[in-house]
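Chains as they are written, first to last, in the numbering used here: chain A, -18 to 133; chain B, 2 to 81.
Each remark here refers to the structure printed beneath this line.
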């Protein structure tokens, strides 16, 4: 044992012998867990269809049936934070087959809940029938949300 | 083998679309449809067909000739 170690052992004993008491050290505690948490990545919370949007980009009255001259609005609410790609794929469905109506992608940099809107219009009028909207997040092969609707 | 193409499906080439967000938007990506031109897309997107150069400049990596864009091409539509 070297001299410095010996001194560090003997000093407390000397202090006790002199009647002085050192404050006891605090009991050992577990290492504190890191308090910083990574923000949750962007996720799709809901998709709502309507004929009109409010200033907050939310549809004013949710519907699942449109007229041939309507503009179709989809309000996609997201949570989480970070960069994300939101892709809206509108399709016409007939007899098990689909025809692409439109596809649009928004690259957003969210820092919390956000409302994203996609809209499509057809000046010559929408063909009557069944449609669907699929919303994809980033490059996922499966949609994060799907909404079916019709034009009557 | 039966032809998969279903010719009795309606034509959606005149569909106009748009998108926006309450979050900052880095870019909007448009998929070219049959019958599209850069000026038509600029008119739809910015309300001014003359702004087609803005789209051309942002997509020079995929557009060699501004008069030749193809269905299925993905174009970045720059924001302000």
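C-beta: ideal position from N, C-alpha, C; glycine also.
*Compute every distance between the C-beta of residue 73 of chain B and the non-hydrogen atoms of the ligand GTP, then say whether any falls below 7 Å.*
Among the ligands in the structure shown, none appear at all, so the ligand GTP cannot be discussed.
_Neighbouring residues, chain A, relative to residue 26 of chain B (Cβ below 7 Å)_ = Within the second chain, numbered from 1, the residue matching residue 26 of chain B stands at position 25. Residues of chain A whose Cβ lies closer than 7 Å to the Cβ of residue 26 of chain B are, in chain order, 87, 88 and 89.
*Give the straight-line distance between the Cα atoms of residue 43 of chain A and residue 114 of chain A, rounded to the nearest whole angstrom.*
For the purposes of this step, residue 43 of chain A is taken as the residue at position 62 of the first chain. For the purposes of this step, residue 114 of chain A is taken as the residue at position 133 of the first chain. Straight-line Cα distance between these residues: approximately 14 Å.
*Using the beta-carbon count (16 or more within 10 Å), is residue 97 of chain A buried or exposed?*
Counting from one through the first chain, the residue named residue 97 of chain A turns up at place 116. Residue 97 of chain A is buried by the Cβ-count criterion.
*asked:* Quick check: what's the CA-CA separation for residue 93 of chain A versus residue 73 of chain A?
replied: The residue labelled residue 93 of chain A in the question sits at position 112 within the first chain. The residue labelled residue 73 of chain A in the question sits at position 92 within the first chain. Rounded to the nearest angstrom, the two C-alpha atoms are 33 Å apart.
*Between the beta-carbon of residue 36 of chain B and the beta-carbon of residue 18 of chain B, is there less than 8 Å?*
Within the second chain, residue 36 of chain B is the residue found at index 35, counting from 1. Within the second chain, residue 18 of chain B is the residue found at index 17, counting from 1. Not a contact, by the Cβ cut-off of 8 Å.
*asked:* Using 8 Å for Cβ pairs, my map puts residue 63 of chain B next to residue 87 of chain A. What's the rounded Cβ distance?
replied: In the second chain, residue 63 of chain B corresponds to position 62, counting from 1. In the first chain, residue 87 of chain A corresponds to position 106, counting from 1. Residue 87 of chain A and residue 63 of chain B do not touch by the CB rule: their CB atoms are close to 19 Å apart, not below 8 Å.
*Of all Cβ atoms in chain B, is any one closer than 8 Å to the Cβ of residue 134 of chain A?*
Nothing about residue 134 of chain A can be read from this structure; chain A reaches only from -18 to 133.
*Closer than 8 Å by C-beta to residue 50 of chain A: which residues in its own chain qualify, once you throw out the five before and the five after it? Chain order, please.*
Within the first chain, residue 50 of chain A is the residue found at index 69, counting from 1. 106 and 107, listed in sequence order.
*Kindly say whether residue 11 of chain B, judged by its beta-carbon, lies nearer than 8 Å to any beta-carbon of chain A.*
Taking the first residue of the second chain as 1, we reach residue 11 of chain B at position 10. At least one CB of chain A lies nearer than 8 Å to the CB of residue 11 of chain B.
*Whose C-alpha, out of B/38, B/33 and B/58, is nearest the C-alpha of residue 72 of chain B?*
For the purposes of this step, residue 72 of chain B is taken as the residue at position 71 of the second chain. When only C-alpha atoms are compared, the closest one is B/33.
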